[in-house]
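Residue numbers (the working numbering), protein chains in the order written: chain A, 904 to 1020; chain B, 2 to 115.
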Amino acid sequence: DTEVTQTPKHLVMGMTNKKSLKCEQHMGHRAMYWYKQKAKKPPELMFVYSYEKLSINESVPSRFSPECPNSSLLNLHLHALQPEDSALYLCASSQVAGGPTAYNEQFFGPGTRLTVL
Amino acid sequence: GDSVTQMEGPVTLSEEAFLTINCTYTATGYPSLFWYVQYPGEGLQLLLKATKADDKGSNKGFEATYRKETTSFHLEKGSVQVSDSAVYFCALSLANQAGTALIFGKGTTLSVSS
Chain A
904 DTEVTQTPKH LVMGMTNKKS LKCEQHMGHR AMYWYKQKAK KPPELMFVYS YEKLSINESV
964 PSRFSPECPN SSLLNLHLHA LQPEDSALYL CASSQVAGGP TAYNEQFFGP GTRLTVL
Chain B
2 GDSVTQMEGP VTLSEEAFLT INCTYTATGY PSLFWYVQYP GEGLQLLLKA TKADDKGSNK
62 GFEATYRKET TSFHLEKGSV QVSDSAVYFC ALSLANQAGT ALIFGKGTTL SVSS
């Protein structure tokens, strides 16, 4: 199984709502990532989890709260978002984070398209 | 700092034309290089990769060769199809950088007409 799954596929939420995005992989990867992608732009790294511990937070606002309950699951909790947070949120995984080059290949999920009203 | 520069396009071609998308990089170490493709409304798919100098990555008729002397990883395909229309991202990843993720170029939009 070389698949990264993400749910939901689409999400519309108001600025006062609380919602969560979910990402799952069963490849035995120990690194998982959240990226944000605006239209016609490359993905921007938000968070990196390595062995279920947060290893990188790219100065992301606290209204985004990541969680890694186990090595297969990654969540992104959303609260009090702004309309400018509307984007495609991509999850990715790799065997390890920052290890030898052979283990750096990242597998991406299909993304959650988020609209904040 | 480490970076990737690629031609931004859009690139517009007729079916069966030859494709080249240029990509150059700047890195302090010895990066792995990747091409990802994003079809409309979808996530990123790894198209091909190369992990050391002179390696050639290939997949689905696409090829790219890791050229350390010119710090380049240009994407080529001999005969494009309408189904190749997508956004192509060149990216690098550096070895032994704890927690380092991918550094992407800005992406090149390819549009192929029949």
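Think of the CB as a built atom: it goes at the ideal place given N, C-alpha and C, for glycine as much as any other residue.
Check, Outcome
"CB contact below 7 Å: A:Y952 versus chain B", "no"
"Inter-residue spacing [alpha-carbon to alpha-carbon] between B:G10 and B:T109", "5 Å"
"Under the three-state DSSP convention, the category B:P32 falls into", "strand"
"Chain A within 7 Å of B:L20, Cβ atoms only", "no"
"Cβ pair count under 8 Å reaching 3, the region 933-951 of chain A against the region 990-1001 of chain A", "yes"
"Extent of the continuous beta strand (DSSP E) run through B:Q82", "Unbroken run through B:Q82: none, as it is neither H nor E."
"Local Cβ density within 10 Å of A:Q985, reported as buried at 16 or more and exposed below that", "exposed"
"C-beta contact flag for B:Y67 and B:A54 at 7 Å", "yes"
"Of the residues B:T6, B:G58, B:L20, B:Q7, the one placed nearest B:V83, counting alpha carbons only", "B:L20"
"Under the three-state DSSP convention, the category A:E987 falls into", "helix"
"Local Cβ density within 10 Å of A:A995, reported as buried at 16 or more and exposed below that", "buried"
"Cross-strand partners of B:Y67 (DSSP beta bridge)", "Its beta-bridge partners do not exist; DSSP assigns none."
"Identity of the residues DSSP links to A:M934 by a beta bridge", "Strictly speaking, residue 934 of chain A in this sequence is Ala, with Met absent from that position. Looking at the DSSP assignment, A:A934 forms a beta bridge with A:S953, A:S997."
"Where the beta strand (DSSP E) containing B:G58 begins and where it ends", "57-60"
"Reduced DSSP category for A:K944 - H, G, I as helix; E, B as strand; rest coil", "coil"
"Near-chain B residues of the region 953-969 of chain A - C-beta to any C-beta below 8 Å", "S953, S958, I959"
"Spatial distance of A:G1064 from A:E906 (CA atoms)", "As displayed, chain A neither begins before 904 nor continues past 1020, which places residue 1064 of chain A out of reach and without an answer."
"Nearest neighbour of B:G79, chosen from B:E16, B:M8, B:V12 [CA to CA]", "B:E16"
"Buried versus exposed, by CB contacts within 10 Å (16 or more), A:P945", "buried"
"Contact check, A:C926 vs A:Y952, beta carbons under 7 Å", "no"
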